[in-house]
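Participant: Below is a structure I'd like to ask you about.
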Amino acid sequence: MADTEQGNQTSISEFILLGFGNLPELQILLFLLFLVIYIVTMAGNVLIVVLVVANHQLQTPMYFFLGNLSCLETCYSSTILPRMLTSLLTGDRTISLRICIVCAAQMYFSLLLSGTECFLLAVMAYDCYVAICNPLRYTVTVTRVVCVRMVAGSWLVNNLVHFGWTYLVFSLPFCGSHVINHFFCDIPPLMELSCVDTYRNRRAVFMALLLFVITPFFLIVISYIKITGAILKMPSVQGRHKAFSTCSSHLTVVTLFYGSAMIAYLKPKTEDSMDSDKLFSLFYTIVTPLFHPLIYSLRNK
1 MADTEQGNQT
11 SISEFILLGF
21 GNLPELQILL
31 FLLFLVIYIV
41 TMAGNVLIVV
51 LVVANHQLQT
61 PMYFFLGNLS
71 CLETCYSSTI
81 LPRMLTSLLT
91 GDRTISLRIC
101 IVCAAQMYFS
111 LLLSGTECFL
121 LAVMAYDCYV
131 AICNPLRYTV
141 TVTRVVCVRM
151 VAGSWLVNNL
161 VHFGWTYLVF
171 SLPFCGSHVI
181 NHFFCDIPPL
191 MELSCVDTYR
201 NRRAVFMALL
211 LFVITPFFLI
221 VISYIKITGA
231 ILKMPSVQGR
241 HKAFSTCSSH
251 LTVVTLFYGS
261 AMIAYLKPKT
271 EDSMDSDKLF
281 SLFYTIVTPL
291 FHPLIYSLRN
301 K
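Residue numbers 1 to 301, in full-length UniProt numbering, belong to the letters of the sequence shown in order.
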């Protein structure tokens, strides 16, 4: 990206990913904390993937989706945490625009993985719905081929869409302030650095959020409304408890992931909102992948 003048502003030559640089006295403590989180997250999710692949008793749709979700969480953590750990340890937060492909790649993969997780969570809700509401047709409806197609479709759709969004953001001219007030390259803080009016871009991003984030969420809500109705109609307490335990882990992950992500992206923006945005972003980018293996392990032998 060449250095050119945009009006009265000069094009910047580098980004500074601020992260948690405003807390200099806590850098070592944060590094150790996030390092432990990264190690535990990787170990837990990789272990789930290995168990699902190696154990023939786990070759069922539910564990197939769980293995894919664990693989996704592993990639998601590796997209964000290594860069954050490097910045905390070395204090180097600079991203040269000559190699801004690094920032673009981080944005693309974080969008791809978070978007795919939304779709996978919706697919897993559908799996719970069929298992509880139509148990006699489960083996016919949720076949291996159907599972593979739903997972592949989730990856393919999000790949095409988020590649386009990444290109759209990095085709904007950046000038003036060069500090990204976040711990990873995300759309809102990067748009803040553009020296052109980004109203249309923001509106397009909002519409994309409605389509690719809120739509899966509503599908999940509809599935659980039907699941709740089916559970309440069950005559025995034991049957209701067993049915609820089937989907309780998934519901916990959905609440944690969607709750923090929707607050971070949909709450009104103010000048002082970026610090709270970073806090909520921590939950869906770092805390959810960490808790995911624990939540599912507590519900399985």
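We put the CB at the ideal spot given by N, CA and C, even for glycine.
Between the stretch 150 to 166 and the stretch 251 to 258, can you find at least three pairs of beta-carbon atoms closer than 8 Å?
Facilitator: These segments do not touch.
Participant: Measuring only the C-alpha atoms, how far is F34 from L81?
Facilitator: Each residue's Cα considered, the two are about 7 Å apart.
Participant: So the candidates are A152, S87, T86 and S223; which of them puts its Cα closest to the Cα of C133?
Facilitator: It is S223 whose Cα lies nearest to the Cα of C133.
Participant: Kindly indicate which residue of G153, S78, L190 and V148 has the alpha-carbon position closest to the one of T166.
Facilitator: Of the candidates G153, S78, L190 and V148, the one whose C-alpha sits nearest the C-alpha of T166 is L190.
Participant: Answer with buried or exposed for S281, where buried requires no fewer than 16 other C-beta atoms within 10 angstroms of its C-beta.
Facilitator: With 16 or more Cβ atoms within 10 Å of its Cβ, S281 is classed as buried.
Participant: My assumption, with CB atoms under 8 Å, is that F170 sits in contact with A104. Please give the rounded CB distance.
Facilitator: 5 Å between Cβ atoms; contact.
Participant: If I follow the unbroken alpha helix (DSSP H) through M84, where does it start and stop?
Facilitator: Per DSSP, M84 belongs to the alpha helix (DSSP H) from P61 to T90.
Participant: Quick check: what's the CA-CA separation for G91 versus T288?
Facilitator: Using only the alpha carbons, I get a separation of about 26 Å.
Participant: If I'm right that P216 touches C118 with Cβ under 8 Å, what's the distance once you round it to whole angstroms?
Facilitator: The pair is a contact, with the Cβ atoms about 4 Å apart (cut-off 8 Å).
Participant: Which partner residues does V146 have in the DSSP bridge list?
Facilitator: Beta-bridge pairing links V146 to no other residue.
Participant: Closer than 6 Å by C-beta to M124: which residues in its own chain qualify, once you throw out the five before and the five after it? Chain order, please.
Facilitator: The answer, listed in chain order, is F65 and H250.
Participant: By Cβ distance below 7 Å, which residues in the same chain neighbour A230 in space, the five residues on each side in sequence not counted?
Facilitator: Once the five neighbours on either side are set aside, the close Cβ partners of A230 are I132 and C133.
Participant: Buried or exposed: N8, going by 16 or more other Cβ atoms within 10 Å of its Cβ?
Facilitator: Low confidence applies to N8: its pLDDT is 43, below 50, so where it sits in the model is not reliable, and the reading given next is rough at best. Flag for N8 reads exposed.
Participant: I need the DSSP call for L18, collapsed to helix, strand or coil.
Facilitator: Correct three-state label for L18: coil.
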